[in-house]
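Enquirer: Chains as they are written, first to last, in the numbering used here: chain A, -1 to 441; chain B, -1 to 441; chain C, -1 to 441. Glycine included, each C-beta is placed from N, C-alpha and C at the ideal position.
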Amino acid sequence: MPVDGAAEALRRLADGLDPATLGPELMAHVRDLYPLNRSITGDGLRASLRLLQRLAPVELHEVPSGTAVFDWTVPREWNVRSARLTAPDGRVVADVARCNLHLLGYSVPFRGTVSREELEPHLYSLPDQPDLIPYRTSYYQEAWGFCLSHRVRSTLPPGDYQVEIDTRLEDGTLTYGEVLVPGTEETEVLVSTHCCHPSLANDNCAGMVMCATLARMLAPLRPRHGYRFVFVPGTIGAITWLARNESRTGRIAHGLVSACVADPGQLTYKRSRRGTADVDRAAALVLAASGQPHGLRDFSPYGYDERQYCSPGFDLPVGSLTRTPYGEYPEYHTSADDLTLVRPEALVDTLRRYLEVFEVLEGNRSWRNTSPRCEPQLGKRGLYGSVGGRSHAQARQMAMLWVLNLSDGRHSLLDVAERSRLPFSDLRRAAADLAGAGLLVPA
Amino acid sequence: MPVDGAAEALRRLADGLDPATLGPELMAHVRDLYPLNRSITGDGLRASLRLLQRLAPVELHEVPSGTAVFDWTVPREWNVRSARLTAPDGRVVADVARCNLHLLGYSVPFRGTVSREELEPHLYSLPDQPDLIPYRTSYYQEAWGFCLSHRVRSTLPPGDYQVEIDTRLEDGTLTYGEVLVPGTEETEVLVSTHCCHPSLANDNCAGMVMCATLARMLAPLRPRHGYRFVFVPGTIGAITWLARNESRTGRIAHGLVSACVADPGQLTYKRSRRGTADVDRAAALVLAASGQPHGLRDFSPYGYDERQYCSPGFDLPVGSLTRTPYGEYPEYHTSADDLTLVRPEALVDTLRRYLEVFEVLEGNRSWRNTSPRCEPQLGKRGLYGSVGGRSHAQARQMAMLWVLNLSDGRHSLLDVAERSRLPFSDLRRAAADLAGAGLLVPA
Amino acid sequence: MPVDGAAEALRRLADGLDPATLGPELMAHVRDLYPLNRSITGDGLRASLRLLQRLAPVELHEVPSGTAVFDWTVPREWNVRSARLTAPDGRVVADVARCNLHLLGYSVPFRGTVSREELEPHLYSLPDQPDLIPYRTSYYQEAWGFCLSHRVRSTLPPGDYQVEIDTRLEDGTLTYGEVLVPGTEETEVLVSTHCCHPSLANDNCAGMVMCATLARMLAPLRPRHGYRFVFVPGTIGAITWLARNESRTGRIAHGLVSACVADPGQLTYKRSRRGTADVDRAAALVLAASGQPHGLRDFSPYGYDERQYCSPGFDLPVGSLTRTPYGEYPEYHTSADDLTLVRPEALVDTLRRYLEVFEVLEGNRSWRNTSPRCEPQLGKRGLYGSVGGRSHAQARQMAMLWVLNLSDGRHSLLDVAERSRLPFSDLRRAAADLAGAGLLVPA
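1) In chain order, what residues of the same chain have a beta carbon less than 6 Å from the beta carbon of residue 148 of chain A, not counting five sequence neighbours either side?
2) Is residue 439 of chain A buried or exposed, if buried means 16 or more other CB atoms sit within 10 Å of its CB?
3) Report buried or exposed for residue 432 of chain C, applying the criterion of at least 16 other Cβ atoms within 10 angstroms of its Cβ.
4) Please report the distance separating the alpha-carbon of residue 180 of chain A from that of residue 420 of chain B.
5) Drop a sphere of 10 angstroms on the beta-carbon of residue 52 of chain A, count the other beta-carbons inside from all chains shown, and report buried for 16 or more, exposed for fewer.
6) Helix, strand or coil for residue 212 of chain B, going by three-state DSSP, please let me know.
7) Taking three-plus beta-carbon pairs below 8 Å as touching, is the stretch 303 to 310 of chain C in contact with the stretch 246 to 258 of chain C?
8) Can you give the Cα-Cα distance for residue 401 of chain B and residue 194 of chain B, rounded to whole angstroms?
9) Residue ranges of each beta strand (DSSP E) run of no fewer than 3 residues wholly in the stretch 142 to 226 of chain C, ordered along the chain?
10) Determine the chain C residues that contact residue 310 of chain B at a beta-carbon separation under 8 Å, and present them in chain order.
11) Beta carbon of residue 160 of chain A, beta carbon of residue 84 of chain A: below 7 Å?
12) Are residue 76 of chain C and residue 167 of chain C close, meaning C-beta to C-beta below 7 Å?
13) Using beta-carbon positions only, say whether residue 182 of chain A and residue 206 of chain A come within less than 7 Å of one another.
14) Buried or exposed: residue 341 of chain C, going by 16 or more other Cβ atoms within 10 Å of its Cβ?
15) Over the uninterrupted beta strand (DSSP E) stretch that includes residue 367 of chain C, give me the two end residues.
16) Residues in the same chain with beta-carbon distance under 8 Å from residue 169 of chain B, minus the five sequence neighbours each way, listed in chain order, please.
17) Let me see if you follow: with CB-CB separation under 7 Å, is residue 70 of chain A close to chain B or not?
18) Could you give the first and the last residue of the continuous beta strand (DSSP E) run that contains residue 318 of chain B?
19) In whole angstroms, what is the alpha-carbon distance linking residue -1 of chain C and residue 349 of chain C?
20) Just checking my contact of residue 333 of chain B with residue 130 of chain B at CB under 8 Å: how many whole Å lie between their CB atoms?
21) Please compile the residues from chain A whose C-beta is within a distance smaller than 8 Å of the C-beta of residue 306 of chain C.
22) By the 10 Å Cβ neighbour count, where 16 or more other Cβ atoms means buried, how is residue 369 of chain C classified, buried or exposed?
23) Closer than 9 Å between beta carbons: that is the criterion. Which residues of the stretch 207 to 240 of chain A meet it against chain C?
24) Residues in the same chain with beta-carbon distance under 6 Å from residue 356 of chain C, minus the five sequence neighbours each way, listed in chain order, please.
25) Would you say residue 380 of chain C faces chain B, with C-beta separation under 7 Å as the test?
26) Write down the C-beta distance between residue 361 of chain C and residue 321 of chain C rounded to the nearest angstrom, noting that I regard them as a contact closer than 8 Å.
27) Enumerate in chain order the residues of its own chain whose CB-to-CB distance from residue 235 of chain A is below 6 Å, with the five nearest sequence positions on each side excluded.
28) Hey, could you find the ends of the beta strand (DSSP E) residue 250 of chain B is sitting in?
29) Do the stretch 65 to 72 of chain A and the stretch 229 to 246 of chain A meet, that is, are 3 or more Cβ pairs less than 8 Å apart?
30) Using the three-state DSSP reduction, which class does residue 338 of chain C fall into: helix, strand or coil?
31) Could you pull out every residue in the same chain whose Cβ sits closer than 7 Å to the Cβ of residue 239 of chain C, ignoring the five residues on either side in sequence?
32) Counting only Cβ pairs nearer than 9 Å, list the residues of chain B close to residue 65 of chain A.
33) Find the residues of chain A that neighbour residue 352 of chain C, judging by a C-beta separation of less than 7 Å, and give them in chain order.
34) Who are the Cβ neighbours of residue 313 of chain A in its own chain at under 7 Å, not counting the five residues just before and after it?
35) Does the Cβ of residue 22 of chain C have 16 or more other Cβ atoms within 10 Å, making it buried, or fewer, making it exposed?
36) Quick check: is the beta carbon of residue 300 of chain A nearer than 7 Å to any beta carbon in chain B?
In structure tokens form, the structure reads like this:
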């Protein structure tokens, strides 16, 4: 029985990552995604998912406008041909061709001349960050508007403004992507990432690329769990996915929401609503073992799509592993979340921690000690040093002793790792050695 | 369904308290109570309860001497006509007419001449606080004595002392007061305060006045719980009340023992024996939200009448909300616990916290989210801002998200408040809005 | 009913210990044990156990070589006549007659001339502690060797070395000792100490003497639990004892592994695998009450024979009370663990803490308050001071109030001690007084 080959392969993958080659490779994809004008529906979203197909066999799903998904309805599809705001002096002060944040997301078509005063409620800017363009949307209430830097806004004179918004808001479909790396068991690990934001690099071009890369890396490993990667428009996409897969959610044994994975901040894990799910404990182990500063937070019902996965009717064991959390870095949801914010080494580091969490999820088992009364004689099996009297056992022997002691059918390797404070990989390997010697069987 | 109108009214009452007018009003009553010579029975006690009838319809109960109350017996009634100790030089060194602490509580009648040496075991003073007169009693063993300052005691020369103690200790009754503000449900909140101490202002004239004022304030609110205020002589009064109301104790859902409510020290909550009763958690929330330094303590079987309410045969969810706890301020049980120790602003502050605890007890419910799979679409119900992309939801939206997420029938609003760290009032109001929109129903 | 006389007697014994007389008395026995050449079998072990018979009626058990004990087999018996290593220049560089650590434990017979190079893998020394001789064994793999100081080893020139190891490794028996102080109830306290180490004074001549002394002290007390002291060779001895007494282990209600009891370090308690067994809580109470710095550690499956008692098939409530734990003092398993490391006052102090743990184990009961509704009137039974109004109850009264309050059948005196932070002895005595007054009965 080659136990948990995938866990060992994940460990080696994680240990072998080379940021110097992988970083630039991932960045190339982030750079390609960045300029596309994504929203919760539309061609920019579709193009982005197709781009990810270079990395993994992402399947696109199209859900018609008007489809009821729990308390929501899939909205009309939105596409932008052009959008421009011209000042009385002929200056083009906002143009979606220049920066796709300039247009309020889901702006309805409009063409006309408005006074400075009439324009005012259609403008969005950030007085405290006067050089940045904010990212704003109005998905569920018909509106049009422009987002611009406060510095530009404050120079706008009275007079007549030309508004040219050539968008279509029509029945169509909502698109989401999905790729499943099949597992040898029925259980699944859900990895969900949002793909509805236009040119915001860290939030979430980086996450889309990282997730597709993880899918590519996992595919050859024949993991125990299936790994289901879903690329969904935020909120409505996750809700749509859940509505269409409701009967399948029972298989989700573990899950992570991925976003903001490449900024220079420290890694942060936000626990699932359950708080002590295996994925919560695995992430905490991995971050502690990283030796780097990191954050651990309890669940709150605000953030990304963990809001949906952890709604009380589902309460799935889904946490969120990010770098700086949503809303906590100054560039968040502004034009400053650009390609310079994404650090290749940070992106590779986040990807490594995902692999390490997967290693724990793959390798975590409950074993049963077949020789539970007193210690088995490891020496006669070549598993123990023959000269006694030394004061400290070797790390490998300590790992074996811990695994034997707690393998009573009521403790998983995660339990052993938490209690012993030994590296999970050491315990997993010790368990494999002991199982090889017949001293452990699956509980 | 006007849900929890009383909770909202209590919030407004608490927010609207004006120490500048309420403080002097309460102090006037404290000043009237202070000089009366109270004990665990007798006319001073009766007069004090009648004085409280100016504030609330306190009903007086009279329990005959000799009545068996659990392991105890209601004692004979004690009344004092006069008591005086005269020194050999004619100096009156103790006179109950001057300070009613001078006479050992429950002193039996005695008239005679005693030597300095014979007098000695009948004197009580405080060597470490030589200017203060202590408060001492001998309820259950017949004795007579005088309490005086150590400074005076140390000047007492040898010679003949005249003792004139004109008291009556005869069959009569024990008196206690009770007022019930009826609730719309069967459950009751018990508020118990002792009223047996003679001229000790903080302990407990202030508590008696505060409790009667709370009863007056609650009466017009039509609360959900009944609020039962009992004004009892310490220990024997609480035991008597419990003995006469044993069958009714099952209705007591929450309770507080009130004492020492007006000294300048910080607020202190002593948990019930259960330790995690709703009232324990409500008081902790209220004190934390006050933003003031405060104390939280575990139950101990010493203190005031929580000793009886939390005896193992009852184990009622009754804590104690005081300022400085019994025995921990230097003026405790001495003549220095006088009107100068009682601070009007402290008394109003304590009363405010009682109202806030009541708000939590009134507003705490378990709700069930009627749309538990994914978030309901708040926007279409006018409960959510329409422009997306902002990094922080408004406080009201956060309160709604928390309430929706945890309203699975297993969490009360108290649970939500503890986990979210949001103000209880915000959560209560969010729940009312959501219930109004049909998104919550009582669990 | 003279409740728990043994607990009270243990308290008095502990309080009455006189290090000035007991210390030297214990040291005399340690000094006698020290030079004997013990191993996991053989005549040195036997002689050591017989020497303990001067203190307590230790019964010797002989288990034949080849006996199967769980996953292990009782090894052949090992005895040493002489063992010497002579350098080319005629210098005797190791001689078991000079220091019995010189010979690798369980060395097989060997006589011959070997070159310096051939000798090398047979030598054991400590480069970091160049003046000390290490203690090493090879029980389960046939080998021979010498342990010597690194300083001497580094002076060994090339040339021919005379090896003369006159040992016998033959079928025989493994010896262990046992003494039971019978109890009035079925439950037993297991105290296990290893006796296989040659001249190591703290590890574990001191422990052997302490345990035999405890057995002597307990015998006249008629304790409630039986106290079973086992003197076993490390690992194989404990395994052998468990194999031969498997059906009896259900009686072991509490247990302690004793070792390293006399070095100058602070007391350390290592919890049982269960972590919250009564013995774990009793030891924590005793160490906290000692007022001395001390250590508390969670169980780990490395150390002494708690490894066997706490193996998952037994999971006995057995902790370990030592001074400096195994492997954590520099003299550990070297020739520096000699008679100078053993401090009489430390040995008496450790013994005292064992007596105090036994006091808790003997005195710990669950009581039921016969007057659970309100406090009983202690005053009328002479159990409470008659003058009221004082701010602090006496310690005895506090102990009674705590015991009464928590004696609802669900709390033991250990629970009361932990919650009240009052001395266990005070609570135990308060319970005895209350039981004497009919206010408590066994739960």
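Expert: Based on what the coordinates show:
1) 123, 124, 125, 128
2) exposed
3) buried
4) 42 Å
5) exposed
6) helix
7) yes
8) 45 Å
9) 158 to 168, 171 to 179, 186 to 192
10) 367, 370, 402, 403, 404, 405, 406
11) yes
12) yes
13) no
14) buried
15) 364 to 367
16) 62, 63, 64, 74, 75
17) yes
18) 316 to 320
19) Bear in mind that the predicted position of residue -1 of chain C carries a pLDDT of just 44, short of 50, making it unreliable; the figure below should be weighed with that in mind. Near 29 Å, if we compare the C-alpha coordinates of residue 349 of chain C and residue -1 of chain C.
20) 5 Å
21) 372, 373
22) buried
23) none
24) 8
25) no
26) With 8 Å as the limit, residue 361 of chain C and residue 321 of chain C do not qualify as a contact, their Cβ atoms being about 25 Å apart.
27) 174
28) 250 to 256
29) yes
30) coil
31) 174, 228, 230
32) The contacting residues do not exist; residue 65 of chain A stays about 14 Å from chain B at best.
33) Simply none; closest approach about 25 Å.
34) 271, 272
35) exposed
36) yes
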